[in-house]
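What follows is a short report on a single structure.
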Ligand SMILES: [Zn+2]
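Structure follows, in C-alpha cells:
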C-alpha cells in the first residue's frame, strides 16, 4: 500500500489543483526522506530547497507506484509513498510529527507529505527525462496502453517463479502490490503459487483482462483505504467494499462459498480460494 489505483488517484487530485502553482517556501524536516539521485548520488538538502523554492509545478505524472512532480525547468521530484505515505494538497498546516515534507504555495495552500512508517522517499531528479532515473528499477506501467497481452506474457512468463511474485516485481510490470495481485489472481481463477511458465494462453488472457478490470475499477473508486491511505485531497478510497479475497480469511468465497484461505507465501500474506483458483502445472 498504496498501489497503482491509490497513486493514480493522488496524481489526478494533484494535477487538478496543484498545477501551475509557485512554491514559496519548503521544509524537509527529516533528511532521511531524501533519497540520492541514483545517477549523481546527490541528496543535498540545501540543493533540494534551493531548486524547489520559487519554481512552479508544471505537471504531475506517474509510473507504477511512483508520483513524478514535474517542475518548470525540466527537473522534478519522484515521490514514493512507501507503506503509509500520503501526499495531500489542502489548507492544513503541517503540524504533526509524521509530516516530513511541507511546501507552501503562492495561493496560501500547502502540500504535505506524511509517512508514519517512513518507507517512502523523495528523489530529486535533476535532468530530463525524469523517467530515465526510474528506468533501472521500474518496468512498464500496468495500465500503459503500450502494454498488450503479448508483451505482458513475454515479460512475465519465462520463469518458474510463482506468478504472484512475477506480478509484484516492479521491474517487469509496475504498479501492483499485495492487495491487487491477490484480487487479480482470484478474478482470473489462478493459484498464486503457479509457476509463471506453466500458465496456458487462456490463463494469460484472463490475467491480463482481469488486471485491467480490477485496476480500472479501483481507480474509479479512488483506491482502497484500509488504514493510512488518503487521496491527494485527504479523502478516503472506497474500493475496500469490492474486495473479494484480500483480508477475507475465513469468509465465504463470493464465487463458491468455501472459506477464503490465507497463507504466508514468500513473506507476503496471500489470500485465495483453493477451490476456484487452479494451480497451473503446465505440460
Ligand atoms: Zn471459491
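Residue numbers (my numbering): 107 to 389. Ideal placement from N, C-alpha and C gives every residue a C-beta, glycine not left out.
By the CB criterion at 8 Å, residue 185 and residue 175 fall inside the cutoff. Contact annotation: residue 385 and residue 272 have beta-carbon atoms that are not nearer than 8 Å. The three-state secondary structure of residue 386, taken from DSSP, is coil.
Short note on residue 381: C-beta closer than 7 Å to some heavy atom of ligand 1. Annotated as distal: residue 387 and residue 281, with beta-carbon spacing of 8 Å or more. Spatial neighbours of residue 197 in its own chain (CB-CB distance under 8 Å, excluding positions within 5 residues in sequence) are listed in chain order as 214, 215 and 216.
In this structure, DSSP gives residue 198 a state outside helix and strand, which the three-state scheme calls coil. Residue state for residue 208 is assigned as strand, using DSSP reduced to three classes. Straight-line spacing of the CA atoms in residue 364 and residue 354 works out to 12 Å.
Under the three-pair Cβ rule at 8 Å, the segment 263-272 does not count as touching the segment 241-255. Residues of the same chain with a CB within less than 7 Å of the CB of residue 289, apart from the 5 flanking positions on each side, are 320, 349, 350, 351 and 352 in chain order. Remark: the C-beta of residue 364 is in contact range of ligand 1, defined as less than 7 Å to any heavy atom.
A buried status is given to residue 114, since no fewer than 16 other beta-carbon atoms sit within 10 Å of its beta-carbon. Note on geometry: alpha-carbon atoms of residue 136 and residue 222 lie some 12 Å from one another.
For residue 255, the closest C-alpha among the options 381, 313 and 138 is that of 313. Ranked by Cα distance from residue 375, the first of 318, 284 and 358 is 284. Taking the Cβ of residue 159 as the reference point, every heavy atom of ligand 1 lies at 7 Å or farther away. By the Cβ rule, the segment 188-195 counts as touching the segment 115-130, because three or more pairs are nearer than 8 Å. Beta-carbon to beta-carbon, residue 162 and residue 177 are separated by about 7 Å, close enough to satisfy the 8 Å threshold. Ranking 244, 246 and 303 by CA distance to the CA of residue 270 puts 303 first.
Under the three-state reduction of DSSP, residue 296 is assigned to strand. For residue 307, DSSP assigns no beta-bridge partner whatsoever. When the beta-carbon positions are compared, residue 110 and residue 166 stay at least 8 Å from each other.
For residue 365, the beta-bridge partners assigned by DSSP are 358. In its chain, beyond the 5 residues on either side, 169 have a beta carbon closer than 7 Å to the beta carbon of residue 237. The alpha helix (DSSP H) runs lying completely inside the segment 171-196 and spanning 4 residues or more number zero.
Around the CB of residue 362, fewer than 16 other CB atoms lie within 10 Å, so the residue is classed as exposed. Just so you know, the alpha carbons of residue 201 and residue 209 end up roughly 13 Å apart.
Between the C-alpha atoms of residue 130 and residue 243 there is a straight-line separation of about 32 Å. Judged by the Cβ position, residue 303 fails to qualify as a neighbour of ligand 1 at the 7 Å threshold, every heavy atom of the ligand being at least this far.
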